[in-house]
Each structure stands twice: as C-alpha cells, then as structure tokens.
Amino acid sequence: MIRLFQVHKAYPGCEAALSDVSFEAGEGEFVILWGPSGAGKSTLLHLVLGAERPTQGQVWVGDCNLARLSRAEMARHRRGIGVVFQDFRLLPGRSVLDNVGLSLVIRGASRRAARDEALRWLEELGLGERLDDPVERLSGGERQRVAIARALAGSPPILLCDEPTSQLDAHWARRAMELLADQTGRGAVVLLATHDPRFLQDLRHRLVRVDAGRVAEEVA
Amino acid sequence: MGALRIALAETWASIRRAPLSHLIASLTVGATLVVAAGSGALALGVRSLLDAWGSRVELTLYLSRDVDEEQGRRLAQEAAETVGGTARWVSPEEAMERLRRALGDEEGILLDLPVDPLPASIELRPGGAAGVDELPHLAEALMRLPGVQEVDWGRDWAERLSALAALAKRAWAALLSVLLCGAALLVGAVVRFAVHARRDEIEILRLLGASDGFIRLPFVLEGVFAGALGGLWAALAFQLLAGWERRLGASLALPRELSLAGLAGADAFAALVLVGALFGAMATLFALARELR
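Listed in order, the protein sequences are those of chains G and L.
For what it's worth, this note's numbering labels the leading residue of the first sequence as 55, then goes sequentially.
For what it's worth, this note's numbering labels the leading residue of the second sequence as 5, then goes sequentially.
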C-alpha cells in the first residue's frame, strides 16, 4: 500500500534528512518507526502524507506516485489519511468537537454524520465532557487525544502518527495504542513514529529502526 | 457543520476580526457603483437628449436658381424619401415674405435689395430615428441631389455636442477604470489580510485534505458580503439623490432624460446589490489566485 523507492530528502544547507530509503508497508500492517530525534521519522511520514516532496526517489501510495498528483488529487489522497502531528496542529479557536468534525466534513460527511462520528471517537478517548471547549483550554495530553480522535474519525485506510503518546499518561497511551491497533483489523495501515524505547517491547507490531536518515534495520 | 455553514461561520468571524477594513472596502465598492451607475445613466441621458435634438432638427436645402417650382416640389418629395421624413418646398417669394415679417419695422432695408434675393428652398424634417450622429451623413446624401446648392443643419452645434458627448464618455471610462481598479485592489487587500490571519489554519486544512474550494469559500463569501454591502450603500445613495432631486425638481428644471429616479427603483436596488456582490466575488477570486497558489 505504501512504498518508498530510494528516497532521498535534503533541505537546503542541512544534512540529508533521509538517504536512500526504500520501505514498504502493506494493508493491515502496524509499523513502528523507531529512532532518536532527528533521525528522519517525521520526514518519512510527511513524504507519505504528501506534505513534502522527496529530493530524489519515489513515494507511492496504492497505485499513485505522489510526485505526479495534481493539487486536487493530492487533496483527495490526504483525505484518505488520518494524521496525528507531533505538534497536534489543531485548529485554533475551534471547539474540540469542531476540530474532529471538520476533518470529516472535509471528507464529505454530512453535518449530522460528522457530529456522530466525532462524538464517538472523542468519547472513546475520554473527551466526552469537553466537546464544546476551545482547544486552547485543554492540557497537552487532552490536545493529543483530540488529535488522535481526529485521525481515527472516519476510519481512514492510512494512519500516520508522529509521537502520538508523547504527552499521554500510561492509561491513555495504552488506550490510544489499542484503538490504533484495532484499525489494522479492518485493513488500515498504521505508521507510528516514536523515539520512546518502550515501544521496542511491543512485539505484536513490525519495528523499523530509523537512524541518521536511513532505515537502518528491521526488528522482526 | 456542513461546508457552507462552516464557511459562513468563518466569514462572520473574519468580518468581526476586522470590521473597519470590511466597512471601508464596502464603501469603496459603493462609491464605485454610484459613480459607475450614476455617470452611466447620465451618459445615456445625454445621448438620448442629443438623439431627441437630432430628430427635432430641421434641415434647410437651398436650391439653385435654375430650379423651377415643379422641379423644386419633386426634389422636396425625393428629399423626404431619402431621409424618411417630411419636406416642404418654399418659394423665393414665401422666403422673402417670411424675412419681411421677421424684420418687422426694419423691413425698409429690403427695398435696396435686388429683385428676388432669396433662393427657393426645401424645409426638411427627418424621421424620428435620425440621431445627431446621422445628421452629417444625411446632409451629404442630400447635397448629392440635383439642384441642391447648400444644406444647413446646425453643423456647428451638432459637432460641438457630439464632441462633448465623446469627451464625457472617455472621461467616464477612464474614471470608471480607475475606480474599479481601486475598489478591486481594496477588496483584494482585505481578503489578503484575512488570508494572512488564517494562514496557519489554512495550512492545517490543506494537510487534512481540504479542497481549494473548501478553503476559498469563506474568503469568496467575504468578498460577496463586502460587494453586496457596497451595492446596498450605492442603492441608498441613489435613494437620497432621487429624493433630493424630487424636492428640488422644479428649481433644477432638469430634463426627464437626466433624472436619477430610474436608479432609485426596486429593480435598480436589486441590480446594484447583485452587481456589487459579483464584483466582490470576482475581486476576491482574483486576489486568491495570487495569494493561495
């Protein structure tokens, strides 16, 4: 489903963020991209999202080479992806419910369907009492849960999660991981980037070590 | 939470963020519409006045002395057919009689003149469709008729009025262009300001897969709002002007063609708001094409 061929990504005046990375992830796979900060994990997720373009190489999602997509096609591609950004990227000035519901409206859901679906995921993540609060009033952990709810809402076929549990306590981190893992059961592919060594103990998922811009090793 | 509802909410939030700039933009659109519609109506009024004058004017065809009465009457008929109007043959004697009456007490000065000093002539009134611009062509055509020596049709006045009308038209077009550009730039600036205020949000929406249409809709609605409000200002201005014209009607003694009453009706009201909204939408789309590449 997701394929990267000899991808190289460099920013002007910086060392390469990714060098000669080839990587594949298929339907129903849960892949943990593990590595230290600055290893290139976030860049890899951004390339799959189409938020950045590789300097060299190709990124394919399904039958689409992302470099060939028009603006409208790229928007359509992104509508099939749920993303948890490292800095959450919630919409400022909007309520918890709006933040999740809006992503569903963007995907074409009706107002009522978007509200129901958003409500379901926010309650799953313990935010049922905070629906109308502006996101600015939430703690870091609560914001991260809103971001996870937004990614899960609408059950997209691809989930990209960048340090999705960095601000969660043990209970909510476990719950978030369960909800993400459940998505693989319906065929979704999950790419989760983290620097947290605790994820290395989770032997249910495929572990890929990313270091200094290279996919250094796969841990079976 | 539908797309339109979200766009409307965002538009309203943006207007509340910068009410003054929206007000100024709408006033500028309103002023542009007042000048455009007002001067356009005035130009049309002047045009129809000129045309009315053209259809009322009487042309006089002076005939050579070898044209006798029978030939003259035939010529009058031919001239009337040429211009699609009415013609009357005036004998030298009748012309002399008219001159004598016009001179009144001073008719004595005619005693020193040779016998029959005035030529026979044809008085010609063109049909109603003849506008002021057509008079020179009519005169040329009439000059080609056998026996016609001169055609008098008030060339100086007509040329002066035509030149004045053309100058007014050019000045109106120039002023309108400047005003339209200014209003479009101002609406564009308001939209650009709104885009900058929401830059982070737009970036997030793009990453979530929002289409260009979804992102642009609130801004276009802002432009439509500013334009429609401008149309409303213009319509109100014409109501005031028409009321003022009604009150001072008698003392102004304006011809019907120059009245602004036509711009104060319900149809004009709706048209101004609609044109304003369209203008706002187009100015916004133009600004967004550059701002949201």
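Every residue gets a Cβ at the ideal spot worked out from N, C-alpha and C, and that includes glycine.
Here the structure is a predicted model, which means the values were calculated and not measured.
- By alpha-carbon distance to Trp237(L), the top candidate from Thr15(L), Val39(L), Ala22(L) and Leu115(L) is Val39(L).
- When Cβ pairs closer than 8 Å are counted between the two stretches, the segment 156-175 of chain L is seen not to touch the segment 267-283 of chain L, the count staying below three.
- Here the alpha carbons of Leu189(L) and Leu278(L) stand approximately 19 Å from one another.
- The three-state reading of DSSP puts Ser91(G) in coil, since its state is none of H, G, I, E or B.
- Sixteen is the threshold: since fewer than 16 other Cβ atoms of the shown chains lie within 10 Å of the Cβ of Gln255(G), the residue is exposed.
- A distance below 9 Å separates the beta carbons of Val150(G) and Leu192(G).
- Per DSSP, the unbroken beta strand (DSSP E) holding Asp156(L) starts and ends at Val152 to Asp156.
- Note that the C-beta distance between Ala91(L) and Arg129(L) is below 9 Å.
- Just so you know, the alpha carbons of Ala7(L) and Gly217(L) end up roughly 10 Å apart.
- Cys185(L): not part of any beta strand (DSSP E); member of the alpha helix (DSSP H) spanning Arg159 to Ala201, first to last residue.
- In this structure, His62(G) lies away from Gly104(G), with their beta-carbon atoms at least 9 Å apart.
- DSSP places Gln140(G) in the coil class of the three-state scheme, outside both helix and strand.
- Relative to the Cα of Phe283(L), the nearest Cα in the group Pro96(L), Leu24(L), Ile206(L) and Leu183(L) belongs to Leu183(L).
- At least one CB of chain G lies nearer than 9 Å to the CB of Arg9(L).
- When Ala241(L), Glu205(L) and Ile219(L) are compared, the shortest CA-CA separation from Thr32(L) is found for Ala241(L).
- Residue-level contact by beta carbon fails for Glu138(L) and chain G, as no gap is shorter than 9 Å.
- Per DSSP, Ala11(L) is one residue of the alpha helix (DSSP H) stretching across Ala7 to Arg21.
- Per DSSP, Ala203(G) is one residue of the alpha helix (DSSP H) stretching across Gly194 to Leu206.
- In the same chain as Leu185(G), and ignoring 5 residues on each side of it, the C-beta atoms closer than 8 Å to its own belong to Ser149, Val150, Leu151, Leu173 and Leu176, in chain order.
- Asp223(G) and Ala230(G) have their C-alpha atoms roughly 10 Å apart.
- By a beta-carbon distance limit of 8 Å, Leu67(L) contacts Gln153(L). Their separation comes to about 6 Å.
- Neighbours of Leu222(G) in chain L, taken as residues whose beta carbon is under 8 Å from its own, are absent, since the nearest beta carbon is some 21 Å off.
- Per DSSP, reduced to three states, the secondary structure at Gly111(G) is strand.
- An exposed status is given to Arg252(G), since fewer than 16 other beta-carbon atoms sit within 10 Å of its beta-carbon.
- Within the same chain, no Cβ atom closer than 6 Å to the Cβ of Leu27(L) is found once the five residues on either side in sequence are excluded.
- If the five residues before and after Arg77(L) are omitted, its C-beta is found closer than 7 Å to the C-beta atoms of Trp93, all from its own chain and listed in chain order.
- Between Leu98(G) and the set Ala163(G), Arg199(G) and Arg57(G), the nearest pair of CA atoms involves Arg57(G).
- In this model, Ala198(L) and Ser30(L) are separated by some 15 Å (Cα to Cα).
- Legend: CB atoms of the segment 98-110 of chain G lying less than 8 Å from CB atoms of chain L belong to residues Leu103 and Ala105.
- For the pair Thr86(L) and Ile113(L), the Cα-to-Cα distance works out to about 38 Å.
- Against chain L, the CB of Ala121(G) has no partner CB under 9 Å away; the residue lies outside that interface.
- The Cβ-Cβ distance between Leu149(L) and Glu82(L) falls below 9 Å.
- In the DSSP assignment, Gln255(G) falls outside any alpha helix (DSSP H) and carries neither an H nor an E.
- Distance from Leu213(G) to Leu234(G) at the Cβ level is roughly 6 Å; contact confirmed, criterion being Cβ atoms closer than 8 Å.
- Per DSSP, the unbroken alpha helix (DSSP H) holding Val279(L) starts and ends at Ala270 to Glu295.
- Straight-line spacing of the CA atoms in Ala203(G) and Leu123(G) works out to 28 Å.
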